[in-house]
Amino acid sequence: MQFVFEDSEVARLQVSAEAPYVLTVHFSAARVAAEAGRTGSGEGQWMRLLLICELGAQMDKGLDAAGRLEGGQVLLADQRLRSLPLPHEIQQPLVLELDFASGTHCRVQGRTLQLRPVAAQCATDSFQC
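In this text, residue positions in the sequence shown follow my numbering: the first is 2, and each later residue adds one.
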């Protein structure tokens with residue numbers, strides 16, 4: 002199963018108050034697809050996820066961002082990852098970029114990244130009205 006940044010819904014961003022600083026992105030409806038590759042907007046399934054990134058420094062901008070993502074990626078060496086396997090863990094320097102539909106852009110440098118579901122839950126099929 003692959004997590005796709007585009008069209009995912011962020012409930013909130015949270016940063017720990019003390020070092021090591023950790024950014025937690027709470028996804029209320031993260032878009033997941035059965036396999037790698039681009040799916041159409043709104044296609045796929047949805048689940049609650051946590052993306053946890055250990056930061057290189059305190060983050061003070063963009064913490065009020067929430068809502069639908071127009072896109073996002075993890076920059077890792079020479080790679081631009083716009084989707085990630087679920088669950089997933091990266092143990093090397095990276096850059097996390099989140100582009101919100103509201104126009105807010107969040108870019109942080111991290112040391113590690115972990116992507117995991119909230120508790121034991123399954124994905125829900127998408128539907129449109």
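In this text, a Cβ means the ideal position worked out from N, Cα and C, and glycines have one as well.
Predicted model, so just to flag it, every value in this text is computed and none were measured.
Review point. At what residue ranges does the segment 44-123 contain a whole run of the beta strand (DSSP E), taking only runs of 3 or more?
Key: 46-56, 68-77, 80-82, 84-86, 89-91, 95-101 and 106-118, all fully within the segment 44-123.
Check your understanding: If you draw a straight line from the alpha carbon of Gly45 to that of Gly104, how long is it in whole angstroms?
Key -> Rounded to the nearest angstrom, the two C-alpha atoms are 24 angstroms apart.
Review point. In its own chain, which residues sit with a C-beta less than 6 angstroms from the C-beta of Glu10, not counting the 5 before and 5 after it?
Key: Short of 6 angstroms from the beta carbon of Glu10, and not among the five residues preceding or following it, lie these beta carbons of its own chain, in chain order: Ser29, Ala30 and Arg69.
Review point. Alpha carbon to alpha carbon, how far is Leu64 from Leu97?
Key: Our two residues, Leu64 and Leu97, have alpha carbons roughly 14 angstroms apart in a direct line.
Review point. According to the neighbour-count rule (16 or more other Cβ atoms, all chains shown, within 10 Å of its Cβ), is Ala18 buried or exposed?
Key: When all chains shown are included, Ala18 counts as exposed.
Check your understanding: Buried or exposed: Pro118, going by 16 or more other Cβ atoms within 10 Å of its Cβ?
Key -> That one is buried.
Check your understanding: Just how far apart, CA to CA, sit Thr113 and Tyr22?
Key -> Approximately 11 angstroms, taken between the alpha carbons.
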